[in-house]
Amino acid sequence: MPHPPEMQNNLALSGQIRESTSSDIVIDTRLKTDERVIARVTDGIYRQPASAIRELISNAYDADATRVVVKTDAPRFERISIEDNGHGMTPEALAHMLEHIGSSAKRSAEGGLLGVTNQKDPTLSPGGRKLIGKIGIGIFSVSQLTHSFQIITKVAGDDYRTVATVALKQYNDDAPSEETHEFEAGKVKIWREKAADKETQGTTIVLTNIRTQARNTLRSREIWSAIEQSDQQRDLGAEEDQGSRIDPPKFHMGMMLLI
Ligand SMILES: Nc1ncnc2c1ncn2[C@@H]1O[C@H](COP(=O)(O)OP(=O)(O)O)[C@@H](O)[C@H]1O
Ligand SMILES: [Mg+2]
Numbered sequence: 083m084p085h086p087p088e089m090q091n092n093l094a095l096s097g098q099i100r101e102s103t104s105s106d107i108v109i110d111t112r113l114k115t116d117e118r119v120i121a122r123v124t125d126g127i128y129r130q131p132a133s134a135i136r137e138l139i140s141n142a143y144d145a146d147a148t149r150v151v152v153k154t155d156a157p158r159f160e161r162i163s164i165e166d167n168g169h170g171m172t173p174e175a176l177a178h179m180l181e182h183i184g185s186s187a188k189r190s191a192e193g194g195l196l197g198v199t200n201q202k203d204p205t206l207s208p209g210g211r212k213l214i215g216k217i218g219i220g221i222f223s224v225s226q227l228t229h230s231f232q233i234i235t236k237v238a239g240d241d242y243r244t245v246a247t248v249a250l251k252q253y254n255d256d257a258p259s260e261e262t263h264e265f266e267a268g269k270v271k272i273w274r275e276k277a278a279d280k281e282t283q284g285t286t287i288v289l290t291n292i293r294t295q296a297r298n299t300l301r302s303r304e305i306w307s308a309i310e311q312s313d314q315q316r317d318l319g320a321e322e323d324q325g326s327r328i329d330p331p332k333f334h335m336g337m338m339l340l341i
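First residue of the sequence shown: 83, per the working numbering; consecutive thereafter.
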């Protein structure tokens, strides 16, 4: 039975990815998205740098990770990496993600086929956690932080890891294509590299060239002094006068974060 066009594309991309056996064999593809997705990403829910990091940590949770490490080059904040030991993405799952921004495989019939969800219940992770993700734009939320990021991912039992380098487009002032109403959201280069250990698994997202505005937020004296104040308060057991203080950030950049 022939596959619908969308599925054919997906097979083509994942098949191409599987054919790469070194960083010399690079697959070029484009990210497509629509107005609905752009609106969601730019409407403010992801304004805070921490919101994008939260999305990436949620993805690690959904991938059954038991450990997530967020690293950054504080106080410069030019680079942030989020490394997890979850189940990783097969070339098929990665291709699905790149070709379906705004429609997640989580909670769908495809989830089980792609190894993204539990075989028995698509609302659970393969390991049985209640899934956080559902709308399929979490990854795209990093666009508030940077235009360029890399996804390095590996599933257990695969001799290779897959690397995808994403260069997001400045989509704000672009018009969608008249026929398809799609925006070109960016370009992706993908290749596979032989891994040292076949059984390792996990995903690392590396955000580079963090935007100046986000870097300034992360470096802000107010945020860091709020952390110090709240640490001191906790040490002293102080309870009063909470209202007049700045809320300490929920994410402590530059340190290890465990879930
Ligand atoms: N850390 C990760 N480990 C494994 N798979 C991931 C990871 N991050 C993203 N993915 C894959 O990318 C897809 C898209 O992620 P996202 O944009 O956050 O949407 P959602 O979480 O709603 O599905 C996920 O459904 C999952 O298949
Ligand atoms: Mg998500």
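Think of the CB as a built atom: it goes at the ideal place given N, C-alpha and C, for glycine as much as any other residue.
Buried or exposed for residue i, going by 16 or more other Cβ atoms inside 10 Å?
i, result
"D110", "exposed"
"T294", "exposed"
"K202", "exposed"
"D241", "exposed"
"A278", "exposed"
"R118", "exposed"
Where does residue i sit, in a helix, a strand or coil, going by DSSP?
i, result
"D313", "helix"
"D203", "coil"
"R122", "helix"
"L250", "strand"
"E137", "helix"
"A221", "Looking at the sequence itself, residue 221 is Ile, so the reference to Ala does not match. In the structure shown, I221 sits in a helix (DSSP, three-state: H, G or I)."
"L289", "strand"
"R100", "helix"
"Y143", "helix"
"A267", "strand"
Along the alpha helix (DSSP H) that carries residue i, what are the first and last residues, could you check?
i, result
"Q295", "T294 to R301"
"A177", "P173 to E181"
"E192", "A191 to L196"
Flag this pair as yes or no: are the beta carbons of residue i and residue j separated by less than 7 Å?
i, j, result
"S225", "L206", "no"
"Q283", "H178", "no"
"S223", "Y143", "no"
"W273", "I107", "yes"
"E275", "S105", "yes"
"F231", "V248", "yes"
"I292", "T235", "no"
Exercise for the section: Give a yes or no on contact between the region 190 to 200 and the region 150 to 160, applying the rule of three or more CB pairs nearer than 8 Å. Expected result: no
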